[in-house]
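In terms of the working numbering, the sequence shown opens at residue 564 and continues consecutively. Note that beta-carbon positions come from the ideal geometry of N, C-alpha and C, so glycine has one too. The structure under discussion appears below in the form of C-alpha cells.
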Amino acid sequence: MSKFISKKYASLIPYEPGEQPQDQQYVKLNTNESPFPPSAKAIVKANEALKKLQLYPDPDCKVLIEKIALHFGVSRKNVVLSNGSDEVLNFAFMAYCDEDCPAIFPDITYGFYPVFSDINRIPYKEIPLKDDFTIDIADYMNVDGTIFIANPNAHTGITLPVNAIEEIVKSNPDHVVVIDEAYVDFGAETCLPLAEKYDNVLVIQTLSKSRSMAGARLGFAIGNEELIQDLNTIRNSTNPYNINAMSMAAAIGVMDDEAYTEANCQTIIENRAYTVNALKEMGFELTDSIANFIFMKHPRVDGEYIYKTMKERGVLIRHFTKERIAQYNRVTIGSRKQMEKFIKVLGEILEEA
564 MSKFISKKYA
574 SLIPYEPGEQ
584 PQDQQYVKLN
594 TNESPFPPSA
604 KAIVKANEAL
614 KKLQLYPDPD
624 CKVLIEKIAL
634 HFGVSRKNVV
644 LSNGSDEVLN
654 FAFMAYCDED
664 CPAIFPDITY
674 GFYPVFSDIN
684 RIPYKEIPLK
694 DDFTIDIADY
704 MNVDGTIFIA
714 NPNAHTGITL
724 PVNAIEEIVK
734 SNPDHVVVID
744 EAYVDFGAET
754 CLPLAEKYDN
764 VLVIQTLSKS
774 RSMAGARLGF
784 AIGNEELIQD
794 LNTIRNSTNP
804 YNINAMSMAA
814 AIGVMDDEAY
824 TEANCQTIIE
834 NRAYTVNALK
844 EMGFELTDSI
854 ANFIFMKHPR
864 VDGEYIYKTM
874 KERGVLIRHF
884 TKERIAQYNR
894 VTIGSRKQME
904 KFIKVLGEIL
914 EEA
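The following block contains the structure:
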C-alpha cells in the first residue's frame, strides 16, 4: 500500500476470490460457476442492449424488478437489485450494523462477511459452528446484533431448516436477520416466506449460480418495503446506475426462461449425487451439501496436497487454509464430463499417495 492510504484502510485484508488462471485450460471447479451457458433468451436481450450503450441504464430497473417480483410473488417495492449479491450484502452491513450493533455470523461461512465488517469499521462476532459444521440456533437467540446466515452455507453446503431460522428471527425482533441464499436453487428451501411474515428478514439471492450469469454480476434482495427503502437509500448514495444495461437486459431474458434454469439445476443435482457416491466409494468424508458444490476431505491424504496435485494435472478446485477446514477441498459440480474427469484424476492421485 502507498503512504497515502487512509489509516482506516491501512490494515484491511481484502477478500480473496477464487482463482481465474489464464495459463492453461482447466477443468474449472473452484468458484461455483455454472457449467452451462446463459439462456439463449438472455443472449438475445443482451445483444439488443448493445445498440443503446450510449445511454444510461434505467436506474430503477423497472422491467427486471417487475419480472423478479412476479416470479417470487412479491411487490416490486419488496425488491432491490445489485451488482452481484456481494453489493447488496455490503449495503446490508452498511445499513444495519455499526459500533452499537455488531455483525454476527458463523466462523466458517462466506469469506466476505468479515471483510465487509472491516471495510465499514463494524465490530463483528464469529460464532463457531458445531463439530459437524452445523449451526446451533441457540447461539443466535436474543443476540445483540445483525445476523448474517448463508443458507446453504458457503464452504459446507449445509442447510439450516427454515423453521429453525424462523426461531432465530422471532427471538431477535429488534435486529435484522439476513439470509444469503446464493445456492438455494439446488435443492434447498427458501426463506422468502419469512421475509413476507416478518419485518426484520432480508433474503438475498443471485443470478450468478443457477442462472449462469456470474459474469453479468447481478443479485437482488427481497424484504419488506422499509428495508428495501433503506437499501435503495444507500444504493442511490453510492451508485444509482449500479446495474449496467447489458446485464439488466440479459437478466430479463433469463427470467423469461425459467424452464432452462430448472433443467440446469436438476442436472447439477443429479451430477452432485453421482459425484458424492463416487467420492464415498473412494473413502472421502463429505458434508451434506445441498448446493452446487461438495465439501470433502480424505482421512489419509492431505487436503492441500490434493488441491495442488489436481491443479498440476489441469483440474482446479478450491482449498482453504483456515485451521478447521484446512484438510477440506470445495469442488464445484460441473457437467457430467467434467465430474468424470475430476474423479479420474483424483483416483490417480489417491493410488499414488
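Three-state secondary structure assigned by DSSP to residue i
i	result
Ala784	strand
Ala713	strand
Phe635	helix
Ile685	coil
Ile857	strand
Ile742	strand
Glu848	strand
Thr895	strand
Val678	helix
Lys591	strand
Ile690	strand
Arg881	strand
Val642	strand
Glu729	helix
Val607	helix
Tyr572	helix
Lys566	coil
Arg835	helix
Ser734	helix
Leu913	helix
Gly866	helix
Phe905	helix
6 Å CB neighbourhood of residue i in its chain, flanking five on each side removed
i	result
Ala916	Val864
Ala751	Pro715, Thr722 and Ile853
Ala609	Met809, Ala812 and Ala813
Met704	Ser734
Ser771	Ala777
Tyr868	none
Val747	Thr753
Beta-carbon proximity check, residue i vs residue j, cutoff 7 Å
i	j	result
Asn653	Ile785	no
Phe757	Val732	In the sequence as presented, Phe is not what sits at residue 757; that position holds Leu. Yes, the Cβ-Cβ distance between Leu757 and Val732 is below 7 Å.
Ile797	Val651	no
Val908	Arg876	yes
Thr561	Gly782	The shown model of the chain, from 564 to 916, leaves out residue 561, and the question about it has no answer.
Ile712	Ile742	yes
Lys688	Pro669	no
Gly816	Lys604	yes
Asn683	Thr895	no
Phe856	Thr719	no
Gln901	Gly866	no
Ile710	Val740	yes
Asp761	Pro622	Just to set this straight, residue 761 is Tyr in the shown sequence, not Asp. No. Outside cutoff.
Tyr578	Gly647	no
Ile831	Phe749	yes
Lys860	Glu844	no
Contacting residues, own chain, Cβ-Cβ under 8 Å from residue i (five flanking each side not counted)
i	result
Leu879	Glu582, Pro584, Tyr589, Val590, Lys591, Leu592, Asn593 and Met873
Thr697	Ile721 and Leu723
Glu788	Ser638, Lys640 and Asn641
Spatial distance of residue i from residue j (CA atoms)
i	j	result
Glu730	Pro724	10 Å
Ala745	Ala854	9 Å
Pro691	Thr672	10 Å
Asp793	Ala658	7 Å
Asn807	Pro620	6 Å
Glu662	Ser597	38 Å
Ser574	Thr884	20 Å
Leu842	Val626	44 Å
Glu759	Thr824	24 Å
Ile906	Met818	34 Å
Thr753	Asp820	20 Å
Phe656	Ile912	42 Å
Glu833	Lys571	47 Å
Asn840	Ala632	38 Å
Tyr676	Leu644	19 Å
Leu616	Ser638	29 Å
Gly897	Arg780	20 Å
Glu611	Ile628	19 Å
Thr838	Glu886	26 Å
Gln829	Ala822	11 Å
Pro580	Ser680	17 Å
Met564	Ile576	11 Å
Asp737	Ala701	17 Å
Asp707	Leu790	19 Å
Gly846	Gly910	11 Å
Own chain residues within Cβ distance below 7 Å of residue i, not counting five before or after
i	result
Phe635	Leu755 and Ile785
Tyr870	Ile880, His882 and Asn892
Pro600	Ser775
Asp699	Lys693
Thr850	Phe696, Thr719, Gly720, Ile721 and Phe858
Ala727	Ile700
(request) Tell me the start and end of each unbroken beta strand (DSSP E) in the stretch 644–670 that is at least 3 residues and wholly inside, in chain order. (result) 666–669
(request) Please go through the stretch 747–832 and give each complete beta strand (DSSP E) segment of 3 or more residues, from N-terminal end onward. (result) 764–769 and 782–785
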